[in-house]
Amino acid sequence: MLFSKALFKQSCKANKVMWTIITFAVCFMLACVMLISGGGKISKVKNGIEDTIIESEIDTGVKKTATNYYLGEIKALTAYDNAYKNIENTGNQDEMQATIKAIVIGDKTDAETVAKADKVAELAKAYTVAYKTATEAGKTEKDAQDFAVNAVSTAIYSQTYAGLIASGVEEVQAQQQAQATAQESVKGLITVFVGYSYNAGCTALKTVYDEDKVQEISQIFAVSLKLGLGGDTESALYQKISANDTSFEDSYKSALLSVDERKDYAYKRISQLIAVNLTEETYVEKMISSLSGYDVDRNKYEGFVYTNDAGVNVPRYVGKSGYIYIQDLSEDVLVTLIARIEKDVALGKDEVAVSDEIAQELTASFLSALSSDVSTALKEVGEMDLYGVVVGSIFYKMAGLLLPIIYMIMCANNLIAGQVDSGSMAYVLSTSTKRKQVTFTQAVFLIGSLFAMFVCTTITSEICLAIVMKDSIRLTYGKVALLNLGAFLTMFGMSGISFLASCWFNRSKYSMSLGGGLNMFFLVATMLGLFGSQVIPSIIRLSALNYFNYFSLISLFDSISILSGTLTFIWKWAILVAIGVVCYFIGFKKFEKKDLPL
549 MLFSKALFKQ SCKANKVMWT IITFAVCFML ACVMLISGGG KISKVKNGIE
599 DTIIESEIDT GVKKTATNYY LGEIKALTAY DNAYKNIENT GNQDEMQATI
649 KAIVIGDKTD AETVAKADKV AELAKAYTVA YKTATEAGKT EKDAQDFAVN
699 AVSTAIYSQT YAGLIASGVE EVQAQQQAQA TAQESVKGLI TVFVGYSYNA
749 GCTALKTVYD EDKVQEISQI FAVSLKLGLG GDTESALYQK ISANDTSFED
799 SYKSALLSVD ERKDYAYKRI SQLIAVNLTE ETYVEKMISS LSGYDVDRNK
849 YEGFVYTNDA GVNVPRYVGK SGYIYIQDLS EDVLVTLIAR IEKDVALGKD
899 EVAVSDEIAQ ELTASFLSAL SSDVSTALKE VGEMDLYGVV VGSIFYKMAG
949 LLLPIIYMIM CANNLIAGQV DSGSMAYVLS TSTKRKQVTF TQAVFLIGSL
999 FAMFVCTTIT SEICLAIVMK DSIRLTYGKV ALLNLGAFLT MFGMSGISFL
1049 ASCWFNRSKY SMSLGGGLNM FFLVATMLGL FGSQVIPSII RLSALNYFNY
1099 FSLISLFDSI SILSGTLTFI WKWAILVAIG VVCYFIGFKK FEKKDLPL
């Protein structure tokens, strides 16, 4: 039988006080670290940095969307102005009529559609003639447009009414039908004009921008026409945008504002449009999904607040308060953008160049406004599981191993080399106890005492985690158990080295020097290597110190892998187990065969 109960009891008696004191000290330190860091300010600091980054990035996204939409829409509306002037210019009658006919006909070739296209083209010609007549008479642009529409409508009404009366239709019925025909014809005319201007505008854009940019501006332009909402009250506007309910007439009239009015219209409408889109449920779901890397769920997203004019904290990005916040944020950045563009243009600078430059400056995020090193470091801290780093990478890999290493070095030396050095091994071997029994029993005691120690730390850590557990803590009970198991396997590998040294040498000073020296070097190398590892923010990380990790056995205890949920730590554990088994086996063989100074 390899196991000796008597020798095991003797080892327990000789080391129980040291084991008890060190185990209590380790558990006490562990409890302090977990409870203080879990219930203290570390989570608040981390969450504060993280929330600042998240809110900054969301706000930056709103600003970028607002500036891009505004600059794009101004370009689109400018193109619309140029295209519409082609309609107003009677010198382009043939080209305009041909284009309008093509729009109406589309891919149809039947006689009815062709006749309809001819009629619409004639109406368009009548409108432009009436418009030019009004402008030459000194009417304003708006009055000239109204005059032209009324002239065309009256002409259609008169022609239709006369035809109905001639065909024997009663007067009242003829009036009603003529009025309906006039309204539908004018509405159709407006629709075709919008389509013609839109197509002409896109054609003009293609001479300046590439195809993708044309598509982008065209889409914005289409939305602009579709949502002609100037002049509505806020609540009604919100309802109208949400319902997506706008008539062609409103769209047309909104599109006929002056250049300055258009800019004001564009900046206000864009702010309202963005506020609606960004508070819709579909967008909220997408935003929450994109922020999942920051552990942002719906509750946290809805928990972002700001203080309104009444001094009340209200949701920042959802609901009515979110609509108001996003609209105000968009308007603020656009007011600044417009003012700075006008200032630079007045100084003789190119509008397109300064527009893009100013927009980029105004939409710089909190992180991009800082130096790259500082912004990267803040982002790393925001994404970091600080509680897991403190418990896993700092305590279990360094502070939590210090006392167990001291115990392991002293105990391994006392079990073999210490007894040989003091002469007590002679009394043990003078009995029926064999050398195999001595090494096996002492190895079982050393491994068993370390295992019992980490069982105690496991129980302590699980209890502490249960006390401090909250949503902001990512550490789980399973990860805590793996950290304790990893620490034990690390001690198993290191104890094999100390046990081998104890079996190899007959003097304690040599055993302590080699076994203890190596293990203490591993611990110190790990401490230095920590400052070069990935757990330290890049701005204060000393990458050169990471080389110490390559010379430390403790580096095989991959707490980062455990905390991140990967399985990299498994093959590293296998190496630790292999080192421990090999060292214990060599120690057994060496002690069996070496000469003892008995």
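In the numbering used here, the protein residues as written are 549 to 1146.
Quick reminder that beta carbons are idealized off the backbone N, C-alpha and C, glycines included.
- Beta-bridge annotation (DSSP): V860 is not paired with any residue.
- The stretch 1017 to 1032 makes no contact with the stretch 1053 to 1073: fewer than 3 CB pairs, one atom from each, lie closer than 8 angstroms.
- By the neighbour-count definition (other C-beta atoms within 10 Å, threshold 16), P952 is a buried residue.
- Going by DSSP, T1114 is part of no alpha helix (DSSP H) at all; its letter is neither H nor E.
- Between G867 and T827, the beta carbon gap of about 7 angstroms places them in contact (Cβ cut-off 8 angstroms).
- In terms of Cα proximity to V986, the closest of Y1132, L1101, Q724 is Y1132.
- Sixteen is the threshold: since fewer than 16 other Cβ atoms of the shown chains lie within 10 Å of the Cβ of I1123, the residue is exposed.
- Under DSSP, Y854 forms a beta bridge with V862.
- With at least 16 other beta carbons inside 10 angstroms of its own, Y705 counts as buried.
- Check the Cα spacing between I954 and each of A823, G1064, L877: the tightest is with G1064.
- DSSP places V992 in the uninterrupted alpha helix (DSSP H) bounded by 983 to 1016.
- G716 sits in coil when the DSSP states are folded into three classes, being neither helix nor strand.
- Look at the beta carbons and you see the stretch 881 to 901 touching the stretch 597 to 616: at least three pairs across the two are nearer than 8 angstroms.
- The beta carbon of E879 is closer than 6 angstroms to those of S819 in its chain, skipping five residues each way along the sequence.
- Beyond the five residues adjoining it in sequence on each side, A562 comes within less than 7 angstroms, by CB distance, of N962 in the same chain, given in chain order.
- Boundaries of the alpha helix (DSSP H) around Y831: 829 to 838.
- Nearest Cα to T1074 within the set I872, Y865, F1105, L583: F1105.
- CA-CA distance, N825 to I906, rounds to 25 angstroms.
- The three-state secondary structure of Q725, taken from DSSP, is helix.
- For the pair L619 and D904, the CB atoms are nearer than the 9 angstroms cut-off.
- Our two residues, Q967 and L1111, have alpha carbons roughly 42 angstroms apart in a direct line.
- DSSP, read as helix, strand or coil, puts N1054 in coil.
- Contact annotation: I995 and L1048 have beta-carbon atoms that are not nearer than 9 angstroms.
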